[in-house]
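2 protein chains.
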Amino acid sequence: MKLAAANPCPRHEPAALAHTLPQDCAHCAVRELAVCTALSGPELERLSAIAVSRQYASGDTLFRAEDSAAMVGTVVRGTIKTYKLLADGRQQIVGFLFPGDFVGSPTQDTHHVFAEALTPVELCVFPFSAVQRLIREMPSLEHRLLAVAHEDLELAQDWMLLLGRKTAQERLATFLLMLVNKASIRGIGGPLELPMNRGEIADYLGLTIETVSRQFSKLKKAGLIRIDDSHAVAIIHADRLAEIAEGTA
Amino acid sequence: MKLAAANPCPRHEPAALAHTLPQDCAHCAVRELAVCTALSGPELERLSAIAVSRQYASGDTLFRAEDSAAMVGTVVRGTIKTYKLLADGRQQIVGFLFPGDFVGSPTQDTHHVFAEALTPVELCVFPFSAVQRLIREMPSLEHRLLAVAHEDLELAQDWMLLLGRKTAQERLATFLLMLVNKASIRGIGGPLELPMNRGEIADYLGLTIETVSRQFSKLKKAGLIRIDDSHAVAIIHADRLAEIAEGTA
DNA sequence: CGAACTGTTGAATAAGGTCAAACCAGGTGG
DNA sequence: CCACCTGGTTTGACCTTATTCAACAGTTCG
Numbered sequence: 001m002k003l004a005a006a007n008p009c010p011r012h013e014p015a016a017l018a019h020t021l022p023q024d025c026a027h028c029a030v031r032e033l034a035v036c037t038a039l040s041g042p043e044l045e046r047l048s049a050i051a052v053s054r055q056y057a058s059g060d061t062l063f064r065a066e067d068s069a070a071m072v073g074t075v076v077r078g079t080i081k082t083y084k085l086l087a088d089g090r091q092q093i094v095g096f097l098f099p100g101d102f103v104g105s106p107t108q109d110t111h112h113v114f115a116e117a118l119t120p121v122e123l124c125v126f127p128f129s130a131v132q133r134l135i136r137e138m139p140s141l142e143h144r145l146l147a148v149a150h151e152d153l154e155l156a157q158d159w160m161l162l163l164g165r166k167t168a169q170e171r172l173a174t175f176l177l178m179l180v181n182k183a184s185i186r187g188i189g190g191p192l193e194l195p196m197n198r199g200e201i202a203d204y205l206g207l208t209i210e211t212v213s214r215q216f217s218k219l220k221k222a223g224l225i226r227i228d229d230s231h232a233v234a235i236i237h238a239d240r241l242a243e244i245a246e247g248t249a
Numbered sequence: 250m251k252l253a254a255a256n257p258c259p260r261h262e263p264a265a266l267a268h269t270l271p272q273d274c275a276h277c278a279v280r281e282l283a284v285c286t287a288l289s290g291p292e293l294e295r296l297s298a299i300a301v302s303r304q305y306a307s308g309d310t311l312f313r314a315e316d317s318a319a320m321v322g323t324v325v326r327g328t329i330k331t332y333k334l335l336a337d338g339r340q341q342i343v344g345f346l347f348p349g350d351f352v353g354s355p356t357q358d359t360h361h362v363f364a365e366a367l368t369p370v371e372l373c374v375f376p377f378s379a380v381q382r383l384i385r386e387m388p389s390l391e392h393r394l395l396a397v398a399h400e401d402l403e404l405a406q407d408w409m410l411l412l413g414r415k416t417a418q419e420r421l422a423t424f425l426l427m428l429v430n431k432a433s434i435r436g437i438g439g440p441l442e443l444p445m446n447r448g449e450i451a452d453y454l455g456l457t458i459e460t461v462s463r464q465f466s467k468l469k470k471a472g473l474i475r476i477d478d479s480h481a482v483a484i485i486h487a488d489r490l491a492e493i494a495e496g497t498a
């Protein structure tokens, strides 16, 4: 069961820290999805004032576990993975973050996960201390953050069920449906774009690359999905997939 | 990998709903541990006014996933498990709650886990609607709830690493150290009291009863723990256990 | 005492992991 | 343009870990 003792992170290291730009939250593409929804008029302007846009290249590390001076922000474009590591390099991805998702914990001054860009990423960053101040002054912001934290906790618990009790097949089915669901929230239909590779799917599902690949093949052979290329999958029978995901099949 | 298709819950069903008593938060045994720490003087009195003590017998179900009218409260005495179920009865425990721990989600009006008393439990219950009002009026309470939610999320992510990437031996070692740690926070030393049985440990660690039992025997044989009886374990070499838990051994 | 649990241990089995080879782009450079 | 390399992916053969199945021991409680 010891995996990947090698290779914690093949991609590059922290960017030479990309350009930063002031923000205009009122015209932000992901406003309705993000924590910022909670705010209106004057509050939104105060948030604008402290927000900074930052760009990351694919493979950049945004922060590492144990890093202090926690950063928080909203994903505007691209995909991020957050993960935990064991000493020997075994990796467990604890979340994929898409546009609108919130990154970081505004109540903890130390990160407890690693975060890495899977694609080019645009992040709307809020300085940690400024956010802490804003939280105290804007109850609706804190309210929203509390709701988001509880949603995240619920997702994490769903994933504990997956990791502790589901078969490889059930895990992949659950994963694909989760992605479809997230995409549809962002108004995206059609074939799924998978911004992560097989190894990252494996590290999210608690499996190996080979097992993930085999399960993809199995679902394809069963006619439940169509694989256009390894990063694009069409769901053909969402209902059958859902049965598999819930262990009802 | 299909487990426990039988027996979702051998114990009794929801209590005929035990006596309820008004509370005196100022003299509460778990105040410093609970969310209530955040409050002082007049605020604490307002909390007292809505708090109600409720007793549960071992095996009682406090609430079920999908239940609406979410209850929230603080554990005063005893141990609770929260868990998720698959259609065929496979169970994943997502948390054991001890005195001082907070139960339920004050921002979600529907439960998404089941909760069951493992021992006789005394719970300090706050009516859902009253809590929602209090949150809006007492920023320090919401602040504390946000911090607790983030701590819970961090724990859940640690557990995802355990379920996705650790061996059976590493899982049990991690579990025992986690219990030692929780006990010491409550000022409890000496041999560990395990309020849960082997099946519940298995359902927390994503293993089977037999595997858990075998790993206990192995740790005993290696001289790392002493098993007084199946519900009382002494940790002999916490350092060696920690190495195993982190995969450093 | 005997039934019903809970926990432990052993032997057989299966699911998923490991190792290894082949495949298949997409890029590079002659 | 094409040969070659590289990294990700797929597939096969084999192996390990944990599960399954089964027997048995210790407790608790009618």
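Keeping their order, the protein sequence lines are chains A and B. Numbering-wise (our numbering), the first sequence opens with residue 1 and increments by one. Numbering-wise (our numbering), the second sequence opens with residue 250 and increments by one. Think of the CB as a built atom: it goes at the ideal place given N, C-alpha and C, for glycine as much as any other residue. Quantities reported herein were computed from a predicted structural model and do not represent experimental measurements.
Checking the sheet assignment: what are the DSSP bridge partners for Asp229(A)? Ala232(A)
So, are the CB atoms of Asp101(A) and Leu33(A) less than 9 Å apart? yes
Mind reading off the beta-carbon distance from Leu192(A) to Ala232(A)? Whole number of angstroms is fine, and I expect it under 8 Å. 7 Å
Which whole runs of the alpha helix (DSSP H) in the stretch 48 to 101 of chain A are 4 residues long or more, in chain order? none
His486(B) to Glu492(B) span [Cα, whole Å]: 10 Å
Could you tell me if Lys166(A) is buried or exposed, where buried requires 16 or more neighbouring beta carbons within 10 angstroms of its beta carbon? buried
Counting Cβ pairs closer than 8 Å, one from the stretch 118 to 137 of chain A and one from the stretch 157 to 173 of chain A, do we hit at least three? no
Which residues mark the beginning and the end of the beta strand (DSSP E) in which Val370(B) is found? 370 to 375
Per DSSP, cross-strand counterpart(s) of Ala364(B): Phe312(B), Thr331(B)
So which residues of chain A does His399(B) contact, with C-beta pairs closer than 7 Å? Ser105, Thr107, Gln108, Ala149
Thr423(B), DSSP secondary structure in three states: helix
Mind checking His360(B): buried by the 16 CB within 10 Å criterion, or exposed? buried
Distance check for Ile201(A) and Arg463(B), CA to CA, integer angstroms please. 31 Å
Grouping DSSP H, G and I as helix and E and B as strand, with all else coil, what is Thr110(A)? strand
Does Asp488(B) get closer than 9 Å to chain A when you measure Cβ to Cβ? no
Please report how far the alpha carbon of Pro99(A) lies from the alpha carbon of Leu412(B), in whole angstroms. 28 Å
Verify the CB distance criterion: does Leu521(B) have a CB-CB separation below 9 Å to chain A? Chain B is shown from 250 up to 498; residue 521(B) falls before or after that span and cannot be answered.
Check each candidate in Ala366(B), Leu473(B), Ala494(B) and name the one with the smallest Cα separation from Arg303(B). Ala366(B)
Which term fits Asp273(B), buried or exposed, when burial requires 16 or more other beta carbons within 10 angstroms of its beta carbon? exposed
Could you tell me the distance, in whole angstroms, from the CA atom of Ala49(A) to the CA atom of Leu145(A)? 19 Å
Residues of chain A with CB under 7 Å from Leu293(B), in chain order? By Cβ distance, chain A contributes nothing, its closest Cβ being about 20 Å from Leu293(B), past 7 Å.
Considering just the uninterrupted stretch of the alpha helix (DSSP H) at Ser140(A), what are its terminal residues? 139 to 165
Cα-Cα separation, Val469(B) to Leu456(B): According to the sequence provided, residue 469(B) is Lys. The question's Val does not apply to it. Looking at the two C-alpha atoms, the distance is approximately 19 Å.
Grab me the residues of Phe114(A)'s own chain with a C-beta within less than 6 Å of its C-beta, minus the 5 sequence neighbours each way, in chain order. Arg64, Ala65, Tyr83
Distance cutoff 9 Å, beta carbons only. Does Glu246(A) sit that close to anything in chain B? yes
Would you kindly work out how many angstroms separate the C-alpha atoms of Glu294(B) and Tyr204(A), rounded to a whole number? 46 Å
Do Pro388(B) and Pro120(A) have their C-beta atoms closer together than 9 Å? no
Nearest neighbour of Gly189(A), chosen from Val180(A), Leu86(A), Met196(A) [CA to CA]: Val180(A)
Same chain only: Cβ atoms within 6 Å of Arg62(A), ignoring 5 sequence neighbours per side: The sequence shown places Leu at residue 62(A), rather than the Arg named in the question. Contacts found: Ala115.
Answer yes or no: does any C-beta atom of chain B fall closer than 9 Å to that of Asp60(A)? no
Cβ of Val52(A) within 9 Å of any chain B Cβ: no
How would you call Ile235(A), buried or exposed, if buried means at least 16 neighbouring beta carbons within 10 angstroms? buried
Proximity to Gly344(B) [Cα-Cα], best of Leu85(A), Asp229(A), Asp158(A), Ile135(A): Asp158(A)
Measuring straight from C-alpha to C-alpha, what distance separates Thr461(B) and Asn446(B)? The identity of residue 461(B) in the sequence shown is Val, whereas the question assumes Thr. When rounded, the distance between both Cα atoms is 10 Å.
Examine chain A for any beta-carbon lying closer than 9 Å to the beta-carbon of Pro257(B), and answer yes or no. Here Pro257(B) scores only 35 on pLDDT, less than 50, and its place in the model should not be relied on; the value that follows carries that caveat. Judged by the 9 Å Cβ criterion, Pro257(B) is not in contact with chain A.
State yes or no: is the C-beta of Val76(A) within less than 9 Å of the C-beta of Val148(A)? no
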